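Protein chains: 2
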Amino acid sequence: MRGEQLAAVLLRLSFIVQQSYLEVSREHGLTPQQAQLLCMLLPGPVGMAELGGWLHLEKSSMSGLVDRAQRRGLVTRVPDARDRRACQVALTAPGTELATRFYDHVSRSLAALADGLRADDRRRLALTINHILAAHGVPVAGLPVARLPVADETAEAR
Amino acid sequence: MRGEQLAAVLLRLSFIVQQSYLEVSREHGLTPQQAQLLCMLLPGPVGMAELGGWLHLEKSSMSGLVDRAQRRGLVTRVPDARDRRACQVALTAPGTELATRFYDHVSRSLAALADGLRADDRRRLALTINHILAAHGVPVAGLPVARLPVADETAEAR
DNA sequence: ACTCCTTAGTTCGTAGACCACACTATTCGC
DNA sequence: GCGAATAGTGTGGTCTACGAACTAAGGAGT
């Protein structure tokens, strides 16, 4: 029951987190990737390159992802004033509305996973996970909170 | 810093776990889904329906997943002796070898995520996560350990 | 100005993942 | 037997993701 045990529980926890995320995404008519994209745009417009870095996606993958979200009217590409090559991806009004509702819903669902825990266990869990995240220069994970100083925002993601 | 916080850290932890899994999969020439499939077959052959249940996949999705793994020579479909409709998916020799190496590697990588933690924090983390898993009748997550009594194997996954 | 290099994004072709739906073959309950 | 449920396949479609080739626009140095 060494590291193997910890690896196994981490993986299985990750699995149910992903399933929850998937389920909530579907209920809002989104794919998980689109939902993640919208959430990352909630605090404000972001450039394609930066988004790709956060999500660990190649730029061509980003183009496709944003294309599809744009086709659904959830985001728009705003030309960057000081660099005519670049563009910023921004939420539309319906996109903002949807993202907000989704964010709220998924936050509840995920927090509910720990409902069976005692309050101080929940607290300790959050702290411990934060230690892990901080130690790995976490690069965003689909919630705008990612841009708050939970982990080192300026640090390189590896 | 209410439940929202916990939701955020859970999600971000899940993100880095998935990234680790993805990275190791790639190093072994596998997609994460194929890697997960192989790992679930390590303890022995399993029927398509059961696999689909564990992975939350429709049967047609299972067909494709197994097809591709079979095309690569990693698994075979063994006709079920007592039900001529059914078949069991089993690892081939190369499949077993690859799955074993992958499992070993990914276990190390995931356990390494918690390297910065103190030993008793790691222990407590594993215990707490186990509580969450047990409370949610976890349905397997890509490691054969899934078939051990960490969570209730017979319980419905919702 | 004028090359050369880098950077931001798009386009295209390919492969995998996943689903819904329609379909076949078998088993089971009565 | 007969009808219903079950195991699995096949089809068509969308989404995800990648690499390679490409365009357009900065930036550096001479």
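Going down the list, the sequences are from chains H and U. 132 is the number that our numbering gives to position 132 of the first sequence; each next residue is one higher, with no gaps. With positions in the second sequence counted from 1, the corresponding number in our numbering is that position plus 1000. Ideal Cβ positions, reconstructed from N, Cα and C, are used throughout, including at glycine. In this text, all values refer to a predicted model and were calculated from it rather than measured experimentally.
| Item | Value |
| --- | --- |
| Closer than 8 Å, Cβ to Cβ, to anything on chain H: give me those residues from the segment 1119-1132 of chain U, in chain order. | D1121, R1122, R1124, L1125, A1126, T1128, I1129, N1130, H1131, I1132 |
| Between Q1005 (chain U) and A126 (chain H), how many whole angstroms is the CB-CB distance? I'm expecting something under 8 Å. | 6 Å |
| Run through the segment 45-84 of chain H for me and flag every whole beta strand (DSSP E) of 3 or more residues, listed as ranges in chain order. | 75-79 |
| Quick check on R26 (chain H) - is its C-beta less than 8 Å from some C-beta in chain U? | no |
| Taking V17 (chain H) as the query, report the chain U residues whose CB atoms sit under 7 Å from its CB, ordered along the chain. | L1010, L1011, S1014 |
| Where R1068 (chain U) and V24 (chain H) are concerned, what is the direct C-alpha to C-alpha distance, given to the nearest angstrom? | 29 Å |
| Taking the continuous alpha helix (DSSP H) assigned at A90 (chain H), which residues delimit it? | Where A90 (chain H) is concerned, there is no enclosing alpha helix (DSSP H), although the beta strand (DSSP E) it sits in stretches over 87-91. |
| Using a Cβ-Cβ cutoff of 8 Å, what residues of the segment 62-87 of chain H are near chain U? List them in chain order. | none |
| Please classify V9 (chain H) as buried or exposed, where buried requires at least 16 other C-beta atoms within 10 Å of its C-beta. | buried |
| What residue range is occupied by the uninterrupted alpha helix (DSSP H) comprising P32 (chain H)? | 32-41 |
| So, A1099 (chain U) versus L1038 (chain U), is the Cβ gap smaller than 8 Å? | yes |
| Quick one: any contact between the segment 100-119 of chain H and the segment 12-20 of chain H, if contact means 3 or more CB pairs under 8 Å? | yes |
| Is L41 (chain H) near L91 (chain H), with beta carbons less than 8 Å apart? | yes |
| Where G64 (chain H) and Q70 (chain H) are concerned, what is the direct C-alpha to C-alpha distance, given to the nearest angstrom? | 10 Å |
| Please identify the residue among U:L1117, U:P1079, U:G1095 whose C-alpha is closest to the C-alpha of Q1034 (chain U). | U:G1095 |
| Could you tell me whether the Cβ of A1111 (chain U) comes closer than 8 Å to any Cβ of chain H? | yes |
| Under the three-state reduction of DSSP, which class applies to D1136 (chain U): helix, strand or coil? | For clarity, residue 1136 (chain U) is His in the given sequence; the question names Asp instead. Of the three classes helix, strand and coil, the one that applies to H1136 (chain U) here is coil, per DSSP. |
| Check whether the Cβ atoms of R1122 (chain U) and A1114 (chain U) lie closer than 8 Å to each other. | yes |
| Going straight from the alpha carbon of R85 (chain H) to that of A49 (chain H), what length do you get? | 12 Å |
| Grab me the residues of G47 (chain H)'s own chain with a C-beta within less than 6 Å of its C-beta, minus the 5 sequence neighbours each way, in chain order. | A86, Q88 |
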